[in-house]
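Trainee: If you scroll down you'll find the structure; I have some questions about it.
Number of protein chains: 2
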Amino acid sequence: MTPTPPADRELKRGVLELVLLRLLQDRPAYGYELVSEIARRTEGELEIKEGTLYPLLYRLEEQGLVATSWETPERGAPRKYYRITEVGEQAFAERTERWRRFRDRVDAVLEPGAREKKGEE
Amino acid sequence: MTPTPPADRELKRGVLELVLLRLLQDRPAYGYELVSEIARRTEGELEIKEGTLYPLLYRLEEQGLVATSWETPERGAPRKYYRITEVGEQAFAERTERWRRFRDRVDAVLEPGAREKKGEE
DNA sequence: GCCATATACTTTGCAACGCAAGGTATCTGG
DNA sequence: CCAGATACCTTGCGTTGCAAAGTATATGGC
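Shown next, in the form of structure tokens:
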């Protein structure tokens, strides 16, 4: 018996990058921090594991949407900070638009009262 | 060279089954018909190919969410009709709820004005 | 000093699923 | 008879979330 059916796995695909870019818009952050930050900001709905986050960040970096820099705090292990780039901002805008269109289309289909409304009956 | 990077591909995952169940709520339909029906009802946003649809339908059938029956029209090739089951109706309700929660969480994070609103500043 | 624990990053291998590409069979029209 | 539309099915691949395991540094208790 799963505490809360984590069947949402597939739902996350396609929005995780978008969500990450959004978080980095507020301020640069390091990976380990983002794991809990995502869970908090999405109220656990999009909780991800390290095995998901790091490859995801590498992809964003490859695409030039984020840039990195190592920083060594007074105490604790070194951190790799990620910040959003200009290109990343543009990508964020585009992908947000895409998400909204997608979301609206799905909602329109799900709408119980929709039922064709094409005119004919 | 992909004409338009099908980045939306990943977005579809997780909602396609839901959308299919929704369409079958209106009336039973056969596979080939659903390909164009989905495109029409979602204004092309969730357009899918046969290579996607059929395996998807098999999965739904395995899960007992839809049932099938062959029908041979007066003219044309035989058709395999899919209709939603009782279990399918329940699954639809649950998954719709899940979609709404997911959608709202994503929207809440994207919201430009959100910026923490935790109380502290 | 040593070891458990927490922090922080990385990698490997697996499974799910959309899709391109190809295949089969039936019917219709020229 | 054959081209094309209809309708269904299958194989193989790429992407990506995740479990699991590994590395390294710092801290506190003994």
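So the protein lines, in turn, are chains A and B. The letter at position 3 of the first sequence is residue 4 when you use the numbering used here, and the numbering goes up by one with no holes. The letter at position 39 of the second sequence is residue 40 when you use the numbering used here, and the numbering goes up by one with no holes. Cβ atoms here follow ideal geometry from the backbone N, Cα and C, with glycine treated the same way.
Where do the N-terminal and C-terminal ends of the beta strand (DSSP E) with THR69/B fall, by residue?
Mentor: 67-72
Trainee: Hey, how far is the Cα of TYR55/B from the Cα of GLY32/B?
Mentor: 7 Å
Trainee: Taking the alpha helix (DSSP H) that LYS13/B belongs to, which residues open and close that run?
Mentor: 10-13
Trainee: Quick one: does GLY15/A have its CB under 8 Å from some CB of chain B?
Mentor: yes
Trainee: Please report the straight-line C-alpha distance between SER37/B and GLU46/B, rounded to a whole angstrom.
Mentor: 12 Å
Trainee: Taking LEU111/B as the query, report the chain A residues whose CB atoms sit under 8 Å from its CB, ordered along the chain.
Mentor: Residues of chain A whose Cβ lies closer than 8 Å to the Cβ of LEU111/B are, in chain order, LEU19, VAL20, ARG23, THR97, TRP100.
Trainee: Within the 8 Å Cβ cut-off, does GLU122/A reach chain B?
Mentor: Bear in mind that a pLDDT of 37 at GLU122/A, under 50, signals an unreliable position, so the model cannot answer this.
Trainee: If ARG14/A sits next to VAL110/B, beta carbons under 8 Å apart, how far is it from one beta carbon to the other, in whole angstroms?
Mentor: Not quite, the Cβ-Cβ distance comes to about 16 Å (not below 8 Å), so this is no contact.
Trainee: Listing by chain order, which chain B residues have their CB less than 7 Å from the CB of ARG104/A?
Mentor: ARG104
Trainee: Got a sec: is the Cβ-Cβ distance from THR53/A to anything in chain B below 8 Å?
Mentor: no
Trainee: Quick check on DSSP: helix, strand or coil for ARG106/B?
Mentor: helix
Trainee: How would you label VAL107/B, buried or exposed, when you count the other beta carbons within 10 angstroms and need 16 or more for buried?
Mentor: Buried, by the Cβ-count rule.
Trainee: Going by DSSP, what residue range makes up the alpha helix (DSSP H) through ILE49/B?
Mentor: Careful: ILE49/B lies outside any alpha helix (DSSP H) and carries neither H nor E.
Trainee: Quick check on GLU63/A - is its C-beta less than 8 Å from some C-beta in chain B?
Mentor: Chain B places no beta carbon closer than 8 Å to that of GLU63/A, leaving this residue out of the contacts.
Trainee: Would you kindly check if the distance between the Cβ of LEU19/A and the Cβ of ARG96/A is under 8 Å?
Mentor: yes
Trainee: Start and end of the alpha helix (DSSP H) containing ARG130/A?
Mentor: Because chain A in this structure spans residues 2 to 122, residue 130/A falls outside the shown range and cannot be described.
Trainee: Between the Cα of GLN64/B and those of TRP71/B, GLU44/B, ILE85/B, spot the shortest distance and give me the residue it belongs to.
Mentor: Closest option to GLN64/B, Cα to Cα, is ILE85/B.
Trainee: What are the residues that DSSP puts in a beta bridge with ILE85/B?
Mentor: Beta-bridge pairing links ILE85/B to VAL67/B.
Trainee: Any C-beta of chain A sitting closer than 8 Å to the C-beta of ARG76/B?
Mentor: no
Trainee: Can you find the residues in the same chain that come closer than 6 Å, C-beta to C-beta, to PRO79/A, ignoring five residues on each side of it along the sequence?
Mentor: TRP71, THR73
Trainee: Rounded to whole angstroms, what's the CA-CA distance from VAL67/B to GLU112/A? Just pull it up for me.
Mentor: 20 Å
Trainee: CB ASP9/A to CB PHE103/B, shorter than 8 Å?
Mentor: yes
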